[in-house]
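Student: In the working numbering, the protein residues as written are 155 to 489. Every residue gets a Cβ at the ideal spot worked out from N, C-alpha and C, and that includes glycine.
#1: Exposed or buried, which one is residue 340 when buried takes at least 16 other CB atoms within 10 Å?
#2: If we ignore side chains and look at the alpha-carbon of each, how far apart do residue 169 and residue 281 end up?
#3: Just to confirm, is the Cβ distance from residue 314 to residue 183 under 8 Å?
#4: Report the three-state DSSP secondary structure of residue 219 (helix, strand or coil).
#5: Where do the ends of the alpha helix (DSSP H) carrying residue 393 lie?
#6: Any idea which residues DSSP pairs residue 332 with across the strands?
#7: If I'm right that residue 405 touches residue 439 with Cβ under 8 Å, what's the distance once you round it to whole angstroms?
#8: I'd like to know whether the C-beta atoms of residue 381 and residue 472 end up nearer to each other than 8 Å.
#9: Just mark residue 230 as buried or exposed, buried being the case when its beta carbon has 16 or more other beta carbons within 10 Å.
#10: On a CA-only basis, which of 287, 372, 286 is nearest residue 480? Give me that one, please.
#11: Flag this pair as touching only if the region 348-362 and the region 265-285 have three or more C-beta atom pairs under 8 Å; answer yes or no.
#12: Here's the rule I'm using: 16 or more other beta-carbon atoms within 10 Å means buried, otherwise exposed. How should residue 363 be labelled?
#13: Since residue 269 and residue 442 should fall inside the 8 Å C-beta cutoff, what is the C-beta to C-beta distance between them, to a whole number of angstroms?
#14: Using alpha carbons as the reference points, say which of 289, 359, 389, 234 lies closest to residue 210.
#15: Could you check which residue in 485, 271, 272 has the C-alpha nearest to that of residue 387?
#16: Kindly indicate which three-state DSSP category residue 417 falls into: helix, strand or coil?
#17: Assuming residue 285 contacts residue 185 under a Cβ cut-off of 8 Å, what Cβ separation, rounded to an integer in Å, is found between them?
#18: Given 7 Å as the limit, tell me if residue 327 has its C-beta closer than that to any heavy atom belonging to the ligand MN.
#19: Assuming residue 490 contacts residue 400 (C-beta within less than 8 Å), just tell me the rounded distance between them.
#20: Provide the residue span of the alpha helix (DSSP H) that contains residue 306, from first to last.
#21: Would the beta-carbon of residue 409 fall within 8 Å of that of residue 428?
#22: Starting from residue 231, trace the beta strand (DSSP E) in both directions and tell me its first and last residue.
#23: Leaving aside the five residues before and after residue 476 along the sequence, list all residues of the same chain whose C-beta is less than 7 Å from its C-beta, in chain order.
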């Protein structure tokens, strides 16, 4: 009797936890459906703008990664609103030879839009916030389980919801908005940063196993074979290259005169100006258009940030192609 009395609370606790996990799991599918529905509505809204006789101003940049995104979306920069709609609605992983599943499709820029489009995007943002919160709570409830199991159970939930290829980063990221027409918009490129660090063969092996614990991915298994066959004298030449981010387009609103609210100013502007950070524009920023469908005055920048040279000599010491693409690991030329 005494032993059972000690076990019962633990059994009850485990049962309660499983009920809570089941409740959180049930919340994910409808929230994800809502994200897809709202994204489709925003795409339709932007398609209507594209086909409307009324013209709205646009400014989309075309760095290499944006041109690649447009190709994957099968959309063109000659139809900027339709392209943006496809991008906002691109919530699934796409097959891309040699691609990294963690990367997101990006097309930076600005679009002038009417109020109803701003409202449609705000609804999508709310749906994304709700989904992200539901996923976070579900994962937190499984903190006592291994990370691989948490990821697998989440993937099963996404598949059961009818979205097995849902790209979580694209389902989470917000559409940046300027819901009040600013007096100006400041744009500037923030360069990508690269780091190169030495890694061990054991570290690479552990990471590859973690990526494919069941041994079901031929690409990962092939890379494990390459690593196993690497001459021990070259183990010291393994280098991981981490591109910490693509170049980012930083966007800020500027308000002047009667539009300035001093207590909310973030600094950075001149006297009589309010400078508000909007964020980094991985997708076009939707800006409330004026009565003529125009954007406010804005900074013109190049399609690419100015090239830097600081790390060029270190890069030249590496092989041209990655030795272990899944880990971004290269071999250093030891000549």
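Tutor: Per the coordinate set shown:
#1: Taking all protein chains in view, the Cβ of residue 340 is crowded by 16 or more other Cβ atoms within 10 Å, so the residue is classified as buried.
#2: Straight-line Cα distance between these residues: approximately 31 Å.
#3: Yes, they are a contact pair.
#4: Three-state DSSP puts residue 219 in a helix.
#5: In this chain, residue 393 is not harboured by any alpha helix (DSSP H); it is covered by the beta strand (DSSP E) spanning 392-397.
#6: The partner list for residue 332 (beta bridge, DSSP) reads 441.
#7: Confirmed, Cβ separation roughly 5 Å.
#8: Judged by beta-carbon spacing, residue 472 lies beyond the 8 Å limit of residue 381, meaning their Cβ atoms are not closer than that value.
#9: Exposed, by the Cβ-count rule.
#10: Residue 480 has its Cα closest to that of 372, out of 287, 372, 286.
#11: Flag = no, the region 348-362 and the region 265-285 do not touch.
#12: Classification for residue 363: exposed.
#13: Residue 269 to residue 442, Cβ: 7 Å. Contact.
#14: Out of 289, 359, 389, 234, 234 has the C-alpha closest to the C-alpha of residue 210.
#15: Ranking 485, 271, 272 by Cα distance to residue 387 puts 485 first.
#16: For residue 417, the pLDDT reaches just 41, beneath the cut-off of 50, and the residue's location in the model is therefore unreliable, although a value from the coordinates is still provided. Reduced to three states, the DSSP call for residue 417 is helix.
#17: Going by Cβ atoms, the distance from residue 285 to residue 185 rounds to 4 Å, so yes, they are a contact pair.
#18: Ligands displayed in this structure: none; no statement on the ligand MN is therefore possible.
#19: As displayed, the chain neither begins before 155 nor continues past 489, which places residue 490 out of reach and without an answer.
#20: Per DSSP, residue 306 belongs to the alpha helix (DSSP H) from 301-314.
#21: In this structure, the beta-carbon distance from residue 409 to residue 428 falls below 8 Å.
#22: In the DSSP assignment, residue 231 falls outside any beta strand (DSSP E) and carries neither an H nor an E.
#23: Beyond the five residues adjoining it in sequence on each side, residue 476 comes within less than 7 Å, by CB distance, of 482, 483, 484 in the same chain, given in chain order.
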